[in-house]
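Colleague:
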Amino acid sequence: MKSKKFAFREIEWWMVTFIFLIIVLTNIVITMSSDHYPVEKFFGIVIMPIIAYIGFYVMHLVVIPKYLRDKNVLHLVLLSIAAAAVTGSLAGACAAVNGINAERFFRFYFSTLSLYTVYLVTAILLRKMFLPPVFKDFQLYNGIRLFMIFLFISIFLFVARIFVNEVILVIVLMIIPSISFFVLYNYFLLYRNKIKGNTKAYRWYLWGLITVIGIGFFLAAVENNVPEIMLLGVGMVLLLVFVVFPVSNLIFAKYEDYIGKIDILSVQVNQSTANLSFLRSQINPHFLFNALNTLYGSALMENAEKTSDGIQKLGDMMRFMLHENQMDKIPLSREIDYLRNYLDLQMLRFAKEDHLDVTIQIGEEYCQGDISPMLLIPFVENAFKHGISTKSKSWIRINLRCLKGSVHLDVVNSMHPKKATEDPKDESGIGLENVKSRLAHFYPQKHNLTIVANDTEHFVHLSVQLQ
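Heads up: the sequence shown begins at 0 in numbering that gives the first Met the number 0, then just goes up one per residue.
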């Protein structure tokens, strides 16, 4: 709900279809069960809602999507008038057959058109007011839109009393909201506590709900002097405990399993994408190593000590990318070796930069165990990418330490305007978003990532529990 906007056009279509289906079926059942119901009235209260639904379908799934594609206001106006005129004429004919006077029909007709127009305008305003970047995620927008759909459907049911039976009002305005409330109560307070192992909280919320329902029905029975009301309370509790909650729990479990599979696939895709450039370079890795060995030998012959050392470290990094980077877990010491080689190459690169101050502290005591590869280096790469300016004083502070069973990385770097940052087109080998996904996948509830940034400084803290 936070990360994406719901497909509201589809949600609106399904909800309106469901409501009109209930209206038509209810009207058919009620009229068919009556022996003296006039045929023309049956025709009116069944056909009128179908015509109204067709009008909604044409506007919502044909006319408006066409306008969104073409941006042709004239076509929107003409098609809207045509749809309103045709549905109004057909519905008016049915109303006349049904014995509904013209004043009552036109009140319903124009109220429905006004309600639909207000709904569209409200939806447009909500998009401007609550979508990112105004708000950081979609949770508030999605919640308001869902409530708005229910509100406008409820108002429509009162407006459309000429063919809406009281039974439908009870179903839509009482039964459906009640079931929705109990399903949400179950998910947020019962189901989630149960799967997390919070048995005490689960029991408190369950028995608290049962107690509230029992007290409510008891007071209603006493107030109305009808003891049988208590039986309704008992039946409601049994229905919730043995039907609503188990069925909704099954749906929740299936949904979370589905989402979990999607997350796994997403991590795999991100991992493949992150290594795409590397995989392309694997066409002939032996040629690259042979070329590096040749350059390394030439550098030694020319007594270019720093150059030969840099080539050797680059070769070590490439071997790491070729072999260990393809594994799910590697020794933490190898990840630290790769990080050291990268830092040594960067220090060789910026050795003559007087305006750059780099502090590196790596404590390898207690650095034991295995870790998923390429989790530490992206944050250090990011610091060198964005933290160094060719014009302003820059600094980078890197602190890596291990405690028993965990590794902790702090990276602080200066921030500069993009135009002043050196090598703005240089890209990190693996994206930070990919690292976040991999952390969530491989270390759920076992990592802490904090990123804080302002105009002058960028701070990252990463803690990973390895055991």
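Note that beta-carbon positions come from the ideal geometry of N, C-alpha and C, so glycine has one too.
With distances taken from CA atoms, which of 319, 318, 4, 98 is nearest residue 144?
Modeller: Residue mapping note: residue 144 aligns to position 145 of the sequence shown, counting from 1. Checked all of 319, 318, 4, 98; the closest Cα to residue 144 is 4.
Colleague: Can you tell which of 87, 247, 433 has the C-alpha that lies nearest to the C-alpha of residue 262?
Modeller: Along the sequence shown, read from residue 1 onward, the residue named residue 262 stands at position 263. The candidate whose alpha carbon is nearest that of residue 262 is 433.
Colleague: What's the call for residue 226, buried or exposed, on a 16-neighbour Cβ count within 10 Å?
Modeller: As a position in the sequence shown, residue 226 is number 227, starting the count at 1. Exposed, since its Cβ has fewer than 16 Cβ neighbours within 10 Å.
Colleague: What would DSSP say about residue 377, mapped onto helix, strand or coil?
Modeller: Residue mapping note: residue 377 aligns to position 378 of the sequence shown, counting from 1. Residue 377: helix per DSSP, three-state reduction.
Colleague: Pick from 459, 441, 443, 440: whose alpha carbon is nearest that of residue 449?
Modeller: Residue mapping note: residue 449 aligns to position 450 of the sequence shown, counting from 1. Checking every option, the nearest Cα to that of residue 449 belongs to 459.
Colleague: Please name the residue in 61, 97, 93, 382 whose C-alpha comes closest to that of residue 81.
Modeller: As a working note, residue 81 is residue 82 in the sequence shown. Comparing Cα-Cα distances from residue 81 to each of 61, 97, 93, 382, the minimum goes to 61.
Colleague: Could you tell me the alpha carbon to alpha carbon distance between residue 400 and residue 181, rounded to whole angstroms?
Modeller: The residue you call residue 400 lines up with position 401 of the sequence shown. The residue you call residue 181 lines up with position 182 of the sequence shown. Near 48 Å, if we compare the C-alpha coordinates of residue 181 and residue 400.
Colleague: Would you call the stretch 202-213 in contact with the stretch 227-240, where contact means no fewer than 3 C-beta pairs closer than 8 Å?
Modeller: As far as the Cβ criterion goes, the stretch 202-213 touches the stretch 227-240, which means the pair count is three or higher.
Colleague: Measuring straight from C-alpha to C-alpha, what distance separates residue 149 and residue 183?
Modeller: Taking the sequence shown and counting its residues from 1, the one referred to as residue 149 is at position 150. Taking the sequence shown and counting its residues from 1, the one referred to as residue 183 is at position 184. Cα to Cα, the separation comes out at about 16 Å.
Colleague: For residue 416, count the other beta carbons within 10 Å of its own beta carbon; 16 or more makes it buried, fewer makes it exposed. Which is it?
Modeller: Taking the first residue of the sequence shown as position 1, residue 416 is located at position 417. Exposed, because fewer than 16 other Cβ atoms sit within 10 Å of the Cβ of residue 416.
Colleague: Would you give the residue range spanned by the beta strand (DSSP E) that residue 74 belongs to?
Modeller: As a first step, residue 74 is located in the sequence shown; it is residue number 75 there, counting from the start. Element bounds for residue 74: not the beta strand (DSSP E) but the alpha helix (DSSP H), 72-96.
Colleague: Using a 10 Å radius around the Cβ and a threshold of 16 neighbouring Cβ atoms, would you call residue 264 buried or exposed?
Modeller: Here the question's residue 264 lines up with position 265 in the sequence shown. Classification of residue 264: exposed, given that the 10 Å Cβ count is below 16.
Colleague: What's the gap between the Cα of residue 55 and the Cα of residue 254?
Modeller: Along the sequence shown, one-based indexing puts residue 55 at 56. Along the sequence shown, one-based indexing puts residue 254 at 255. Using only the alpha carbons, I get a separation of about 31 Å.
Colleague: Say whether the stretch 71-88 touches the stretch 118-126, bearing in mind that this needs 3 or more beta-carbon pairs closer than 8 Å, one atom from each stretch.
Modeller: Result no; under three Cβ-Cβ pairs closer than 8 Å.
Colleague: Between residue 11 and the rest of its own chain, which residues show a CB-CB distance below 7 Å, the 5 nearest in sequence each way excluded?
Modeller: As a first step, residue 11 must be located in the sequence shown, where it is residue number 12. Correct list, in chain order: 59, 148.
Colleague: Report the three-state DSSP secondary structure of residue 421 (helix, strand or coil).
Modeller: Looking up residue 421 in the sequence shown gives position 422. Low confidence applies to residue 421: its pLDDT is 45, below 50, so where it sits in the model is not reliable, and the reading given next is rough at best. Coil at residue 421, not helix or strand.
Colleague: Can you list, in chain order, the stretches of the alpha helix (DSSP H) that have 4 or more residues and sit fully within the stretch 328-386?
Modeller: Entirely contained in the stretch 328-386, the alpha helix (DSSP H) runs reaching 4 residues are, in chain order, 331-348, 376-385.
Colleague: Examine the Cβ distances between the stretch 389-404 and the stretch 361-381 and report whether three or more of them are shorter than 8 Å.
Modeller: Touching, per the Cβ criterion.
Colleague: On the CB-based measure, 16 or more other CB atoms within 10 Å of its CB, does residue 325 come out buried or exposed?
Modeller: To locate residue 325, count along the sequence shown from 1; it is residue 326. Exposed, by the Cβ-count rule.
Colleague: Let me check one thing: in DSSP terms, what residues is residue 458 bridge-paired to?
Modeller: Working through the sequence shown from its first residue, we reach residue 458 at position 459. Residue 458 pairs with 411, 451.
Colleague: Can you tell which of 328, 205, 22, 206 has its C-alpha closest to the C-alpha of residue 171?
Modeller: Reading the sequence shown from its first residue, position 172 is the one you call residue 171. When only C-alpha atoms are compared, the closest one is 22.
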